[in-house]
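J.: If you scroll down you'll find the structure; I have some questions about it.
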Amino acid sequence: MQKAINKHGKSIILFREPERNIILWKQYKEAFYCPTCHSKVIIRSGSKVIPHFSHLPHSNCRLGNGEGMYHEMGKYELYQWLSNQNIEVDLEVYFPQINRRADLVIKVLNKIIIIEFQCTKISAEEIAERTSAYNQINLHVIWIVGMNHFNRLGSNQIKLNSFLLSCIHQFPKQKNPVLYFFDPASRRFASLSHIYAYQYTKAFTTINISLIQTISFQSIFKEAPISEQFPQHWTKQLQRIRNTPITHPGKEMNWRRKLYEQGIIFQYLPSICFLPNKWQIHMHTPFWIWQTELCIKLIQHIAVSDTLTISRCTKLLDKSMMNQLPNVHQNFSAIHSFLTNLEILGYFKRTSNTTYVKLKNVDKYVHLEEALKGDEIMISNLFLEKKGKM
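What follows is the structure, encoded as structure tokens:
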């Protein structure tokens, strides 16, 4: 940790101190104390170690675990970045009412915001617990993930896991969820938006990487346009999904078998079953499964001019299909986004926030080539219509 209290009760942040001070304090074994547990701490430093305070062996301080050099560097760089913008920032602030110590606390436009630089993988449950604790005392938290977890699969694809999903944010005035990464060694800051998951662990996304000293804190909230290549990438992925047989027993094989027993061939499903959905991150189930369920059990049975409600769709889908994320607060957003896509494509007209009227029936396919061509046309049309809104 970087902050401790000296014998005079003054708060000391090590990386703000001249090297000569640190050398003298170590030499004369100056007394410092943990701001949280008030036990004695010592200075550790060296050629390969950023100067930091460390608890003595066998310390019982709950917040006294070693954080590692990468984490120390990250806090330092983020602190300097914010401070250089004249943003009021404090380091390692302890909140006794929730027994939490925040990496950074800033004050912007009279709002207090927590910034956590998370460079070690922790469970989704712990992210949710820590986020909830801050929310309980009316504090919002921004999670910035260490770049050591940035697993890029291509120019606009990334690998996801439950940890990263839990660090995705959706801010009040933003249309799209975002995910932040930072590498203190190279000072690169990555902002990911338009996150369209096509598998639970993989997603297409718009990736912007900048040197942190070239961007402002406010700029990380600006929404970037979606990639022009998105329709081609999504259509190519749909070709793989339609063409790839399921060879291992499991939920999807059972689901496809049930479709076949109803006389429905997976490869010939309507294109509306394969629409991109920015809130797929909310779902435990592949998008083509739950969208197909809505299509064949509801949409195809509704007569033209009849209504469909979001609550009716929600009742149809098993709750186990849905995934609650601690930093994204959008109830039934994936279903709402799906129906909005159908409205854009001319299948429905929205008459209220939760009600839609059916305008036309869904096209059916009898050949794979016809289905693939239909996918290409529909995704292209959807992208052109939504481009300014995506």
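With the first letter of the sequence shown counted as 1, position 94 gets the number 84 in this note's numbering; the numbers rise by one all the way through.
Glycine included, C-beta positions come from ideal geometry on N, C-alpha and C.
Please report the distance separating the alpha-carbon of I199 from that of F172.
T.: When rounded, the distance between both Cα atoms is 9 angstroms.
J.: Got a sec? Which residues, its chain only, sit under 8 angstroms from R302 by beta carbon, not counting five neighbours each side?
T.: Around R302: L288.
J.: Suppose contacts are defined by Cβ-Cβ distances below 8 angstroms. Is L249 in contact with L284 by that definition?
T.: It is not a contact, given that the beta carbons lie outside the stated cut-off.
J.: Are D80 and V95 close, meaning C-beta to C-beta below 8 angstroms?
T.: Closer than 8 angstroms, so yes.
J.: By Cβ distance, which residues of its chain are closer than 7 angstroms to T225, with the 5 residues on each side in sequence left out?
T.: Result list for T225: D365, E366 and I369, in chain order.
J.: Restricting to Cα atoms, I'd like to know which of W15, M63 and T341 is closest to Q108.
T.: Closest option to Q108, Cα to Cα, is M63.
J.: With a Cβ-Cβ cutoff of 8 angstroms, do Y337 and K348 count as a contact?
T.: Yes. Within cutoff.
J.: Nearest-angstrom Cα distance between Q290 and F264?
T.: Their Cα atoms are separated by approximately 15 angstroms.
J.: Can you look up S327 in the DSSP assignment and give me helix, strand or coil?
T.: DSSP places S327 in helix when its eight states are reduced to three.
J.: Span of the alpha helix (DSSP H) holding A118?
T.: Looking at the DSSP string, the run of the alpha helix (DSSP H) that includes A118 is A114 to Q126.
J.: Scan the segment -6 to 60 and note each continuous alpha helix (DSSP H) run of 4 residues or more that stays entirely inside, going in chain order.
T.: For the segment -6 to 60, whole alpha helix (DSSP H) runs of length 4 or above, ordered along the chain, are 9 to 17.
J.: Check whether the segment 185 to 200 and the segment 148 to 155 touch, using three or more Cβ-Cβ pairs below 8 angstroms as the test.
T.: Touching, yes.
J.: Could you tell me which residues DSSP puts in a beta bridge with W133?
T.: E106.
J.: Determine the direct distance from the alpha carbon of E218 to that of G378, and round the result to whole angstroms.
T.: For G378, the predicted structure reports a pLDDT of 49, less than 50, and the residue's modelled location is therefore unreliable. The matter cannot be settled from this model.
J.: Nearest by alpha-carbon distance to K192: which of N141, Q203 and Q208 is it?
T.: Closest by alpha carbon: N141.
J.: What number of angstroms, rounded off, separates the C-alpha of T237 from the C-alpha of M243?
T.: T237 and M243: Cα-Cα distance of roughly 8 angstroms.
J.: Straight-line CA distance for C51 to G(-1)?
T.: The alpha-carbon atoms of C51 and G(-1) are separated by roughly 19 angstroms.
J.: Report the rounded CA-to-CA distance for H42 versus Q270, giving the unit in angstroms.
T.: Their Cα atoms are separated by approximately 42 angstroms.
J.: Roughly how many angstroms lie between the CA atoms of R120 and I255, to the nearest whole one?
T.: Roughly 45 angstroms separates the two Cα atoms.
J.: Taking the alpha helix (DSSP H) that Q222 belongs to, which residues open and close that run?
T.: Run containing Q222: F220 to N233, per the alpha helix (DSSP H) assignment.
J.: Should R91 be labelled buried (16 or more other beta-carbon atoms within 10 Å of its own) or exposed?
T.: Buried is the call here.
J.: Once you ignore the five residues that flank Y346 on each side, which residues in its own chain have a CB closer than 8 angstroms to its CB?
T.: Closer than 8 angstroms at the Cβ level, and outside the excluded window around Y346, lie T297, L298, T299, L329, L332, E333, F338, K339 and R340.
J.: Rank S183, N74, K65 and G136 by C-alpha distance to the C-alpha of F207 and give the top, closest one.
T.: With distances taken between Cα atoms, F207 lies closest to N74.
J.: In chain order, which continuous runs of the alpha helix (DSSP H) of length 4 or greater are located wholly inside the segment 269 to 317?
T.: Runs found: 277 to 287 and 300 to 306.
J.: Thinking just about the alpha-carbon of each residue, which of Y170, W15 and E251 is nearest to the one in I105?
T.: Here the closest residue by C-alpha is Y170.
J.: Compare the Cα-Cα distances from S35 to each of L68, L14 and A175 and report the closest residue.
T.: For the residues L68, L14 and A175, the minimum Cα distance to S35 belongs to L14.
J.: Could you give the distance in angstroms between the alpha-carbon of N371 and the alpha-carbon of P167?
T.: Spanning the two alpha carbons is a distance of roughly 23 angstroms.
J.: I need the DSSP call for I367, collapsed to helix, strand or coil.
T.: Helix at I367.
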